[in-house]
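Colleague: If you're matching them up, the sequences are chains A and B in order. Heads up: the first sequence begins at 497 in our numbering, then just goes up one per residue. Heads up: the second sequence begins at 497 in our numbering, then just goes up one per residue. Yeah, the Cβ is synthetic: ideal placement off N, Cα and C, and Gly gets one too. Bear in mind the structure is a predicted one, so any value in this text is a computation, not a measurement.
Protein chains: 2
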Amino acid sequence: MSAIRHALSIKREDDFAQWYQEVISEAEMAEESGVRGCMVIKPWGYGIWERIQRLMDDRIKAAGVSNCYFPLFIPLSYFAKEAEHVEGFAKEMAVVTHHRLVGDGKGGLTPDPDAKLEEPLIVRPTSETVIGAAMARWVQSWRDLPLLTNQWANVVRWEMRTRMFLRTSEFLWQEGHTAHADRDDAMAETLRALEMYRDFAETDLAMPVIAGEKPENERFPGAVGTYSIEAMMQDGKALQAGTSHYLGTGFAEASGIQYQDKEGAQQYAHTTSWGVSTRLIGGLIMTHGDDDGLRVPPAVAPHQVVILPMLRDTPDDEALLAYCEELRKVLAGMSVLGEPVRVLLDKRPGKATQKRWAWVKKGVPLILEIGGRDAAADQISMLRRDKLWNEAAKANFQAMPQVEFLTRAAAELQELQDALYVEAKARRDAHIAQVSSFDELAAFFAEDKRYPGWAEVEWSRPTGAELEEVVQKLKAIKLTMRNTPLHAAPAAGKCIFTGRLAVERIYVARAY
Amino acid sequence: MSAIRHALSIKREDDFAQWYQEVISEAEMAEESGVRGCMVIKPWGYGIWERIQRLMDDRIKAAGVSNCYFPLFIPLSYFAKEAEHVEGFAKEMAVVTHHRLVGDGKGGLTPDPDAKLEEPLIVRPTSETVIGAAMARWVQSWRDLPLLTNQWANVVRWEMRTRMFLRTSEFLWQEGHTAHADRDDAMAETLRALEMYRDFAETDLAMPVIAGEKPENERFPGAVGTYSIEAMMQDGKALQAGTSHYLGTGFAEASGIQYQDKEGAQQYAHTTSWGVSTRLIGGLIMTHGDDDGLRVPPAVAPHQVVILPMLRDTPDDEALLAYCEELRKVLAGMSVLGEPVRVLLDKRPGKATQKRWAWVKKGVPLILEIGGRDAAADQISMLRRDKLWNEAAKANFQAMPQVEFLTRAAAELQELQDALYVEAKARRDAHIAQVSSFDELAAFFAEDKRYPGWAEVEWSRPTGAELEEVVQKLKAIKLTMRNTPLHAAPAAGKCIFTGRLAVERIYVARAY
């Protein structure tokens, strides 16, 4: 049997980080922009983001949350107010200090010294402060609660080491911000958002995740509780793919979000915030990519089916194109995963095989190649992205009558969606080890082990200095605690860090 | 006959500017954010923007344009390059000079002097330069053309005098950027985008516009030709509601967008750019608003129908709500203007009349009030927003059997969509005067005339110093030239400015 000649030059097992960059480049998802830490998101990458937005936005609206838009700029003083309340406030932010450029006398431009802002403006790293100020205006009475808002926006956090989709200075996200009358209602919203993220990740991204609570040291600054969904990448590392925070009354106190309760007393609201970002696309790549490029789950694929006519620059092309266009129309009128099929007829000039491999690398679920003789015989050849190679190490095309394909198309897409999830879940589950001592943990993550996965341990949930000791001990071997899963079996043994009685389980892993 | 008691406190004819602010406030569309020149867009305003985005994005995609995302920040040197080529380059921009905050030793925060950027970054006022740099990477051969990109983004232009939706320091928009092999193809794209905007404005916003070419003095800096759609507001002023630019090869030369043509020679691409923004919402308000608030055309209304149950805090409410929910479902399953009907059942506590007037001010096309007895008799009362008052100066509810309403609902919405357009167009056409001398022009716009409208004049299309003289002469009486309409009857007389033979018609107006 001859060896498969994969479409990428770098294999996952050889260099996962380089492989990741090659997928992004070869699938034409994004590229460096020439602006430090910022990327250009190209049509295929942005198309996936648009799908993520559409599907997530539907869920957000269904939960009764209203989209708004808040300013990009936040006055410095808003952060100062925040900084009083919050230890460890991140300060790597883009600071606007001038509002005009003038000639520098040497043919260039420079910030105009006469246009220095009285108060610098910060490009939002997140919008708690400016939304808190709006909520303080909007909330007067218990009747105004819950107040459920969301925005889709760009945010900026100055990053020293950047990586496309995973950590960029500017990124795109949605940030939900809600205010509630009491703790119970706010906690219910925090967990509703977390469950929304879990369901979205697993159903639409086909990316299995663990939903749980972050340990105290990983809480959002100022939060009372931070929850996350954590996904395992194919190199065994964890990716925090979404977070939801219960903020108690701390932010309401800082912003003055107060309401009159039914008895007429003034109360501070309890607030939450929750978000997912373009980072999800990094997670998608590292969950489903293979040595031939990306594989996009049909639910978020900009095109689910691409039709490639084998054009020959002859007059026969016209009949072939007409046949393909007819097929495109029929497919576009069909429904899969609750929406019309997204199908592209790729009429661009160029060799069909080159075009085929470009679409393979982009991860289109189904590719249909159709030649002139196929059209005459009412036949198509289908390539399913998760069954790319046959036993002869050739592209695994299946020829079939068009009518057969049409009866199978929706099922093929649904099956592929499911298969990607099942494959990712099996891999993840096979790479989670129950570990019952710190030595065992260190051995599990020994330097010479490639892509070990995660360890599930039991611990006593220490706090303060004792927790800090655990964090440092893990950090020394490049490990972090990810989260304590919700709905897990109770702990039964001893804490692997303190030796005391364990109270819960927590995942330990290397992380992005 | 008793006088109508309108829902707003300010009438259009008394103070149009104040009326505009009152609509925005009472319809809960937007508010001042506390950040200079930036607004908070509230759910009703943002919901209209989401509708605009959806309908425009469909048109953009149907034209084969791909959405991308480019960086928020543009290095200063990109503008310096631009500034060399472009006279009159706008320089009021937000400048980022630092990437970190530190404590100022007085409990506050300050930009960290150790984190000064080597090169300042500009918050994009528009993205020609940074997209040009990407196009220079992407375009190599004639096969790569046309290259059709678009992005939905926020941009910042430092404005001294701001007005919500019309002129804000930060605003939301889409910006299309395309590169073509030659002038003809680029001009065709420029005019395609212009026609897309005209069709969108008239079909979806029900806002009649004049599509035409801006005079030379109003061209986008660096453009060879700038085209616009111009709408007449109810105070007779013009609003430039969208622009499309043919940029020649100037931007390609500045950015290095070159391609090898079929003969193997290096050529500069011809580029275009085109955009519409949240300013459209200002246009919507000033086109369709009345003394009772906004009237939203059904195509862009976040809710087309609001059902208001007359709740009485009694056990009977349950049956009433069930009846209303059933009606909501039936309506949501119906289709109007090519999409499912967007219907809200407003179950919030509060008096039905208060809620009714809140929805009237927001401009919901159809309000249905239903009481317990109505439900029992299978009746509804319908209020259509463009037929708000009856002859007795009362809210013009029409009671009818539910089944009758259901058969009429789609037609009522379509009629309202059409009626708003017809009304706006009749008003605009009645306020355009043919003017054949400068004195007549000055008289038409005399200070004591309220909301005069526009003048259509013939001119000789002067250039250079002669044009500048015309511009200054108009400016002295607060007038501007808007555009030369496409497909207009040819000029037949003399230029009202130069006295020479006229070559075309142009609109003159006060403007936003």
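(1) Taking only beta-carbon atoms, is B/P717 less than 7 Å away from chain A?
(2) How far does the beta strand (DSSP E) with A/L641 in it extend, from its first residue to its last?
(3) Could you give the distance in angstroms between the alpha-carbon of A/D678 and the alpha-carbon of A/A765?
(4) Are any of the Cβ atoms in chain B nearer than 7 Å to that of A/K758?
(5) Taking the beta carbon of A/W955 as the centre, do at least 16 other beta carbons fall within 10 Å, making it buried, or is it exposed?
(6) Using beta carbons (cut-off 7 Å, strictly below), is A/N892 in contact with chain B?
(7) With burial defined as no fewer than 16 other Cβ atoms inside 10 Å of the residue's Cβ, what is the status of B/N646: buried or exposed?
(8) Mind checking the segment 624 to 636 of chain A against chain B and listing, in chain order, the residues whose C-beta falls within less than 8 Å of any C-beta there?
(9) Helix, strand or coil, according to DSSP, for A/L807 in the structure here?
(10) Could you have a look at A/P609 and say whether DSSP puts it in helix, strand or coil?
(11) What number of angstroms, rounded off, separates the C-alpha of B/E911 from the C-alpha of B/M728?
(12) Less than 7 Å separating the beta-carbons of A/T767 and A/A750?
(13) Closer than 6 Å to a non-hydrogen atom of the ligand ADP - does that hold for the CB of B/R532?
(14) For B/A972, is the classification buried or exposed, using 16 other Cβ atoms within 10 angstroms of its Cβ as the cut-off for buried?
(15) In angstroms with no decimal places, state the Cα-to-Cα distance between A/F934 and A/V966.
(16) When you compare the CB positions of A/G785 and A/P948, do they come within less than 7 Å of one another, or not?
(17) Identify whether A/N979 lies in helix, strand or coil by the three-state DSSP scheme.
(18) What's the C-alpha gap between A/D812 and A/P845?
(19) Per DSSP, which one or two residues make a beta bridge with B/W770?
(20) A/T593 versus chain B: which residues are under 7 Å apart at the beta carbon?
(21) Is it the case that the segment 786 to 802 of chain B contacts the segment 704 to 719 of chain B, given that we only count it when at least three CB pairs across the two stretches are under 8 Å?
(22) Between the segment 815 to 842 of chain B and chain A, which residues of the former have CB atoms less than 7 Å from a CB of the latter, in chain order?
(23) Could you tell me which chain B residues have their CB closer than 8 Å to the CB of A/A765, listed as they occur along the chain?
(24) Can you find the residues in the same chain that come closer than 8 Å, C-beta to C-beta, to B/K974, ignoring five residues on each side of it along the sequence?
(25) To the nearest angstrom, how far is it from the Cα of B/P986 to the Cα of B/A559?
(26) Please compile the residues from chain B whose C-beta is within a distance smaller than 7 Å of the C-beta of A/S562.
(27) Listing by chain order, which chain B residues have their CB less than 9 Å from the CB of A/P845?
(28) Quick one: what does DSSP say B/M692 is sitting in, helix, strand or coil?
(29) With which residues is B/T722 paired in a DSSP beta bridge?
(30) From the beta carbon of A/F667, is the nearest beta carbon of chain B less than 7 Å away?
(31) Going along the chain, which residues of the segment 776 to 808 of chain B sit with their C-beta nearer than 8 Å to a C-beta in chain A?
(32) In angstroms, rounded to a whole number, what distance separates the CA positions of A/H927 and A/Q730?
(33) Is there a Cβ of chain A sitting closer than 7 Å to that of B/V536, yes or no?
(34) Between B/D809 and B/T976, what straight-line distance do the alpha-carbon atoms span, to the nearest angstrom?
(35) Using 7 Å as the limit for Cβ to Cβ distance, is B/F566 near chain A?
(36) Within the same chain, show all residues whose beta-carbon is closer than 8 Å to that of A/I1010, passing over the 5 residues directly before and after it, in chain order.
Modeller: Looking at the atomic coordinates:
(1) Locating residue 717 of chain B in the second sequence gives position 221, counting from the first residue. Chain A, which has no Cβ nearer than 7 Å to the Cβ of B/P717, makes this no.
(2) The residue labelled residue 641 of chain A in the question sits at position 145 within the first sequence. Per DSSP, A/L641 belongs to no beta strand (DSSP E) and is neither H nor E.
(3) For the purposes of this step, residue 678 of chain A is identified with residue 182 of the first sequence, where counting begins at 1. For the purposes of this step, residue 765 of chain A is identified with residue 269 of the first sequence, where counting begins at 1. A/D678 and A/A765: Cα-Cα distance of roughly 7 Å.
(4) By 1-based counting over the first sequence, the position of residue 758 of chain A is 262. Taking Cβ atoms only, chain B never reaches closer than 7 Å to A/K758, which makes this a no.
(5) Residue 955 of chain A sits at position 459 when you count from the first residue of the first sequence. A/W955 is buried by the Cβ-count criterion.
(6) As a position in the first sequence, residue 892 of chain A is number 396, starting the count at 1. Not an interface residue.
(7) Counting from one through the second sequence, the residue named residue 646 of chain B turns up at place 150. Label assigned to B/N646: buried.
(8) V626, A629, A630 and R633
(9) Sequence index remark: in the first sequence, residue 807 of chain A carries index 311 (1-based). Note: A/L807 maps to coil in three-state DSSP.
(10) As a working note, residue 609 of chain A is residue 113 in the first sequence. It is helical.
(11) Position 415 of the second sequence, counting from 1, holds the residue named residue 911 of chain B. Position 232 of the second sequence, counting from 1, holds the residue named residue 728 of chain B. C-alpha separation (whole angstroms): 22 Å.
(12) On the first sequence, residue 767 of chain A is found 271 positions in, with the first residue counted as 1. On the first sequence, residue 750 of chain A is found 254 positions in, with the first residue counted as 1. No.
(13) This structure lacks the ligand ADP; in fact it carries no ligand of any kind.
(14) The residue labelled residue 972 of chain B in the question sits at position 476 within the second sequence. By the neighbour-count rule (16 or more Cβ atoms within 10 Å), B/A972 is not buried but exposed.
(15) The count along the first sequence starts at 1 and reaches residue 934 of chain A at position 438. The count along the first sequence starts at 1 and reaches residue 966 of chain A at position 470. Cα to Cα, A/F934 sits roughly 10 Å from A/V966.
(16) As a first step, residue 785 of chain A must be located in the first sequence, where it is residue number 289. As a first step, residue 948 of chain A must be located in the first sequence, where it is residue number 452. No, they are not a contact pair.
(17) Locating residue 979 of chain A in the first sequence gives position 483, where the first residue counts as 1. A/N979: coil per DSSP, three-state reduction.
(18) Position 316 of the first sequence, counted from the start, is the residue given in the question as residue 812 of chain A. Position 349 of the first sequence, counted from the start, is the residue given in the question as residue 845 of chain A. Cα to Cα, A/D812 sits roughly 15 Å from A/P845.
(19) Counting from one through the second sequence, the residue named residue 770 of chain B turns up at place 274. DSSP, once it has assigned bridges, lists B/G672 and B/S740 as partnering B/W770.
(20) The residue labelled residue 593 of chain A in the question sits at position 97 within the first sequence. Simply V591, T593, H594 and P607.
(21) The answer is no - the segment 786 to 802 of chain B does not touch the segment 704 to 719 of chain B, with fewer than three Cβ pairs under 8 Å.
(22) none
(23) The sequence position of residue 765 of chain A within the first sequence is 269, counting from 1. Residues of chain B passing the Cβ test: none, with the nearest at roughly 18 Å.
(24) The residue labelled residue 974 of chain B in the question sits at position 478 within the second sequence. Residues F941 and R1006 of the same chain have their beta carbon placed closer than 8 Å to that of B/K974, with the five preceding and five following residues left out of the count.
(25) In the second sequence, the residue the question calls residue 986 of chain B occupies position 490. In the second sequence, the residue the question calls residue 559 of chain B occupies position 63. B/P986 and B/A559: Cα-Cα distance of roughly 31 Å.
(26) As a first step, residue 562 of chain A must be located in the first sequence, where it is residue number 66. At a beta-carbon threshold of 7 Å, the residues of chain B lying near A/S562 are P539, ordered along the chain.
(27) For the purposes of this step, residue 845 of chain A is identified with residue 349 of the first sequence, where counting begins at 1. The answer, in chain order, is R639.
(28) Within the second sequence, the letter at position 196 stands for residue 692 of chain B. Helix at B/M692.
(29) Looking up residue 722 of chain B in the second sequence gives position 226. Looking at the DSSP assignment, B/T722 forms a beta bridge with B/H741.
(30) Against the first sequence, residue 667 of chain A aligns to sequence position 171. No - not a single Cβ of chain B is within 7 Å of the one on A/F667.
(31) none
(32) Counted from its first residue, the first sequence places residue 927 of chain A at position 431. Counted from its first residue, the first sequence places residue 730 of chain A at position 234. Taking the straight line from one Cα to the other gives about 10 Å.
(33) For this step, residue 536 of chain B is matched to residue 40 along the second sequence. Yes, its Cβ sits closer than 7 Å to a Cβ of chain A.
(34) Counting from 1 along the second sequence, the entry for residue 809 of chain B is found at position 313. Counting from 1 along the second sequence, the entry for residue 976 of chain B is found at position 480. About 58 Å.
(35) Within the second sequence, residue 566 of chain B is the residue found at index 70, counting from 1. Closer than 7 Å to some Cβ of chain A, the Cβ of B/F566 qualifies, so yes.
(36) With chain A covering only 497 through 1008, there is no way to say anything about residue 1010 of chain A.
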